[in-house]
Amino acid sequence: MQRLTPLQEAQQTVLAATSTLGLEKVGLLEALGRVLGEDLIASRDNPPWDNSAMDGFAVRWEDIKQDHAIAKPAVLTVIEDVPAGKVATKSVGPGQAIRIMTGASVPKGADTVVKVEETEPSGDTVRIFKAPDRGANIRPCGEDVKKGDRIIAKGTVLRPAEIGILAILAKSFVFVHQRPRVAILSTGDELADLDERFDEDKIINSNSYGIAAAVQEAGGIPILLGIAKDQPADLKDKIAHGLNADVLVLSGGVSMGDYDFTKAVFKELGAEMNFWKLAIRPGQPLAFGKIAGKLAFGLPGNPVSSMVTFEQLVRPAMLKLSGQRSYIRPVMQALFQETFSKRNDRRHFLRGVLSRENGVLTVRTTGDQGSGILTSMVKANCLIDVPEAVERLNPGDTVTVQVLSAQLEDREEAAKPSTGHRPSCC
Ligand code: AMP
Ligand code: MG
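Residue numbering for the sequence shown follows our numbering, starting at 642 and increasing by one per position.
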């Protein structure tokens, strides 16, 4: 009997065979969600000069330092008015003030800004009733970004905040990693595609679309190759079309059935192919290797198995290809709410609903866990990762979950109330 391969071993093999793609230059507005391909070193300070944090008066603190009362305010001569975007032409001397707006450069000679609410302008003088601390209301040059500092590290996924900083640093283009192109081929004589007329006895090819969406979600570009018949010649022909991509993902045909030709064709085309029987459920049979230098995966055909194995093996490879530093989903601990039992030979990925109840993270399954029940993925916002050795889980046990979606509460309604419910196995 074929040995069961631990998932971790398969993941290591996949990642060891995967190298990161090259860089491309994109405009700033196309950079959201892309992976930065170079360390970003600040080419300038931000703010570029000391500037006012308030509308008010730029003064010398020495002139106002006594705590002036309403009855005896400090009186300074206003020598200039500086709106934002303008620079003072004069410098503040003893007994003088310059009127200044938020964001304007602090004039020479001044070391403090008094906010307008604590003053009373009168003609060309201003009365100041209360002295703030020395240096108050001034945003110093470089308080946000210092020239020469590494502001964003290579491998960072760019979010709106990073796009903003790139704009601050006057970068209208940025070097990011290329997005992995993933060719997707479904196999099986029983399948029909969405755009063809088909008889009732056909099964709609859903895997291609689910996998394509998973590719997009992971930052890749899906290329749909359609459906290959359960015939070696058709498989070979369609696989050849996929070899322009960075990754080829097949679904179906990797089991031991009479019509499962993926293995035989992979063996013929690829060097060093692995044909694993993974120690996981769902999703046991899996083929992986390289064909013409491209990563090639043969995922199991059952819809849940193909999605779960994509999550555990193809997605990490895609994240490595796209230059990310971490290849995993967020992982959390939560309190299991049901009873569950299994044999101690396979790691299980139960589809789960993660909720926050009274400040505590809890998780329950989505119900029946059959590998053809795709609605178990629809209802899920996480995968409950039950290790190989665990034989039983009881309510209140701490489990590890891989978070698939940030929507915790929204999903609560969608899931069946299931305390004490015992899910059937895949
Ligand atoms: P296989 O791994 O080829 O034995 O396929 C296992 C089962 O998964 C098949 O009986 C189909 O019901 C289902 N299946 C295979 N490929 C697809 C697909 N592309 N879309 C939906 N279901 C599929
Ligand atoms: Mg098949």
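Glycine included, each C-beta is placed from N, C-alpha and C at the ideal position.
Residue side-chain check: residue 941 places its Cβ nearer than 7 Å to a non-hydrogen atom of the ligand AMP. The C-alpha of residue 725 lies about 19 Å from the C-alpha of residue 784. A direct Cα-Cα distance of roughly 57 Å separates residue 747 from residue 652. Judged by their CB atoms, residue 743 and residue 695 are nearer to each other than the 8 Å cut-off. When distances are taken from the beta-carbon of residue 895 to the heavy atoms of the ligand AMP, the shortest one is below 7 Å. Assigned with DSSP and collapsed to three states, residue 869 falls in strand.
For residue 832, the Cβ falls inside the 7 Å cut-off from some heavy atom of the ligand AMP.
Taking a C-beta distance under 8 Å as the contact criterion, residue 656 and residue 855 do not qualify as a contact pair. Assignment of residue 879 by DSSP, reduced to helix, strand and coil, places it in the helix class. Contact between the stretch 952-971 and the stretch 659-677 is present: three or more C-beta pairs spanning the two stretches fall below 8 Å.
For residue 702, the secondary structure class from DSSP, reduced to helix, strand or coil, is helix. By the 16-neighbour rule on beta-carbons within 10 angstroms, residue 1000 is exposed. DSSP, reduced to helix, strand and coil, places residue 779 within a strand of the structure shown. Checking the DSSP bridge columns, you'll see residue 863 partnered with 823. At a cut-off of 3 residues, the continuous stretches assigned as beta strand (DSSP E) that sit fully inside the stretch 755-801 are 760-763, 766-769 and 791-793.
Going by C-alpha positions, residue 972 is about 19 Å away from residue 797. In chain order, 828, 876, 891, 893, 894, 895, 928 and 939 place their CB closer than 8 Å to the CB of residue 903, counting only its own chain and leaving out the 5 sequence neighbours on each side.
When the five nearest sequence neighbours on each side are left out, the beta carbons in the same chain lying within less than 6 Å of the beta carbon of residue 831 are those of 844, in order along the chain. Going by C-alpha positions, residue 907 is about 28 Å away from residue 836. For residue 814, the secondary structure class from DSSP, reduced to helix, strand or coil, is strand.
Cα atoms of residue 930 and residue 644: separation of roughly 18 Å, rounded to the nearest angstrom.
Here residue 642 is exposed. Its C-beta has fewer than 16 other C-beta atoms within 10 Å.
Closest option to residue 788, judged by alpha-carbon separation, among 809, 816, 683 and 899: 683.
Contact annotation: the stretch 972-986 touches the stretch 1002-1009, with at least three C-beta pairs closer than 8 Å.
Judged by DSSP in its simplified three-state form, residue 1022 adopts coil rather than helix or strand. In this structure, the alpha-carbon of residue 1018 lies about 10 Å from that of residue 1008. Looking from the CA of residue 925, the closest CA among 664, 825, 954 and 667 belongs to 954. The beta carbon of residue 1023 lies closer than 7 Å to those of 993, 995, 1004, 1042, 1043, 1044 and 1045 in the same chain, with the five residues before and after it left out. As summarised for the stretch 914-951, the continuous beta strand (DSSP E) elements at least 3 residues long and confined to that stretch are 926-932 and 935-940, given in chain order.
Where residue 904 is concerned, the enclosing alpha helix (DSSP H) starts and stops at 903-910. For residue 1013, the shortest C-beta to heavy atom distance toward the ligand MG is 7 Å or greater. In the assembly as shown, residue 807 is a buried residue. Its beta-carbon has 16 or more other beta-carbons within 10 Å. The C-beta separation of residue 756 from residue 697 comes to about 4 Å, placing the pair in contact by the 8 Å criterion.
For residue 961, the secondary structure class from DSSP, reduced to helix, strand or coil, is helix. The distance from the Cβ of residue 775 to that of residue 690 is about 19 Å, inconsistent with a contact at the 8 Å cut-off. Taking 3 residues as the shortest admissible run, the stretch 976-1020 contains the following complete beta strand (DSSP E) segments, listed from N- to C-terminal end: 988-998 and 1001-1006.
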